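Using our numbering, you'd call the opening residue of the sequence shown number 229 and step up by one each time.
Glycine included, every Cβ here is placed at the ideal spot set by N, Cα and C.
Since we're looking at a predicted model, the values are computed, not measured.
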Amino acid sequence: MSRCVPVENPPLHSVVAHIEPAMAKAILKAANDRNRPLNKGATFSIWAELDAGDWELTGDTLKVSKRGRLIDGQHRLEACAKSG
229 MSRCVPVENP
239 PLHSVVAHIE
249 PAMAKAILKA
259 ANDRNRPLNK
269 GATFSIWAEL
279 DAGDWELTGD
289 TLKVSKRGRL
299 IDGQHRLEAC
309 AKSG
């Protein structure tokens, strides 16, 4: 299950959320159309960081259009989905 984490003074329209693999899969299925093909090396690199426990909160975001289309974050979501 995803959960939101409060952040002091977040940017307008931003939220920090903990996304579990099932939610990552759901987002990819529902919103990931018209993106470039996945780069397996990039996905593996992110997955390796997740697996090692080296993932940290950064300024990297998932971006979703007003129409609900995933614009940025497909590699991070794919790595999360594969992490189990």
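Can you tell me the Cα-Cα spacing of Glu284 and Lys253, whole angstroms? Cα to Cα, Glu284 sits roughly 21 Å from Lys253.
What number of angstroms, rounded off, separates the C-alpha of Trp275 from the C-alpha of Thr286? If I take the Cα positions, the gap works out to 16 Å.
Close Cβ partners of Val292 (< 8 Å) along its chain, the five nearest in sequence each way excluded: Beyond the five residues adjoining it in sequence on each side, Val292 comes within less than 8 Å, by CB distance, of Ala259, Leu298, Ile299 in the same chain, given in chain order.
Could you check whether Cys308 and Pro239 sit closer than 8 Å to each other, using their CB atoms as the reference points? Not closer than 8 Å, so no.
State the beta-bridge partners of Asp282 as determined by DSSP. Bridge partners of Asp282: none, in fact.
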